[in-house]
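> Take this structure first; my questions come after.
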């Protein structure tokens, strides 16, 4: 087992508020890959402070008869429509569950793109979405496709209910800015 102590500054994406964080990571030894154990604490960051903007977003999409969907976020030029940014952020948070679970000392993941997402029927006051995300494994330069079933509400935050690693497809057309 290997243990790492980290001290870092984190910046909240929406509010740009910064705070100091410390973390302890324990990577299990042995043959099988298993997720690291992480203990973290932060000072100066907002603690689950639901903003009026989040509440308005939630109410707009909870009550809508038009289910929202999108693809190629960001596009091959790095552009993202402003109304798609919340869905990009949600995809990033949901992807972090995969990145943590799949990480070991020899990996470095980044969400490259939301290939597509579709809003589903609201269930138990939770917005629900199907996501197809592309994770870039920086060490191997591999693009890894994952499908996720995600729920979100201001009160309960993000939950990833299902994950499915997509098979490698060497003959498929790649989304912009990616490789198979």
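Residue numbers (our numbering): 211 to 390. Backbone N, C-alpha and C fix where the C-beta goes; we use that ideal spot for every residue, glycine too. Here the structure is a predicted model, which is why all the values come from computation and not from measurement.
#1: Is residue 233 close to the ligand SAM? I mean its beta-carbon at under 7 Å from any heavy atom of the ligand.
#2: Which residues in the same chain have their Cβ closer than 8 Å to the Cβ of residue 364, if we skip the five residues on either side of it in sequence?
#3: What residues match up with residue 361 in a beta bridge as DSSP calls it?
#4: Is DSSP giving residue 375 helix, strand or coil here?
#5: Would you kindly report the start and end of the unbroken beta strand (DSSP E) that includes residue 304?
#6: Within a Cβ cutoff of 8 Å, which residues of the same chain sit near residue 219, ignoring the five residues on either side of it in sequence?
#7: If you follow the alpha helix (DSSP H) that residue 322 is part of, which residue opens it and which one closes it?
#8: Output the boundary residues of the beta strand (DSSP E) element that contains residue 250.
#9: Please list the terminal residues of the continuous beta strand (DSSP E) segment that includes residue 230.
#10: Suppose the cutoff is 8 Å on Cβ atoms and the five residues either side in sequence are ignored; what does the same chain contact list for residue 254 look like?
#11: How would you label residue 289, buried or exposed, when you count the other beta carbons within 10 angstroms and need 16 or more for buried?
#12: Which first and last residues belong to the beta strand (DSSP E) in which residue 221 is found?
#13: Measuring CB atoms only, is the segment 352–364 touching the segment 295–305, in the sense that at least three cross pairs come out at less than 8 Å?
#14: Counting beta carbon pairs with one atom in the segment 278–285 and one in the segment 319–326, are three or more of them shorter than 8 Å?
#15: Just confirm the distance between the C-beta atoms of residue 212 and residue 312, as a whole number of angstroms; I'd bet it's less than 8 Å.
#16: By Cβ distance, which residues of its chain are closer than 7 Å to residue 271, with the 5 residues on each side in sequence left out?
#17: Considering Cα atoms alone, identify which of 343, 214 and 273 is closest to residue 248.
The answer reads as follows:
#1: The ligand content of the structure shown is nil, which means the ligand SAM is not present either.
#2: Its chain contains 260, 264, 265 and 268 as the residues whose beta carbon lies nearer than 8 Å to that of residue 364, once the 5 sequence neighbours on both sides are disregarded; these appear in chain order.
#3: Per DSSP, 338 and 369.
#4: strand
#5: It is not in any beta strand (DSSP E) - residue 304 instead sits in the alpha helix (DSSP H) that spans 295–312.
#6: 228, 229, 230 and 231, listed in sequence order.
#7: Careful: residue 322 lies outside any alpha helix (DSSP H), inside the beta strand (DSSP E) at 319–333.
#8: 247–253 is the extent of the beta strand (DSSP E) around residue 250.
#9: Residue 230 -> beta strand (DSSP E) spans 228–237.
#10: 227, 228, 229 and 230
#11: exposed
#12: Taken as a continuous stretch (DSSP letters only), the beta strand (DSSP E) holding residue 221 covers 212–221.
#13: Short answer: they touch.
#14: yes
#15: The pair is not a contact, with the Cβ atoms about 17 Å apart (cut-off 8 Å).
#16: Short of 7 Å from the beta carbon of residue 271, and not among the five residues preceding or following it, lie these beta carbons of its own chain, in chain order: 278, 329 and 337.
#17: With distances taken between Cα atoms, residue 248 lies closest to 214.
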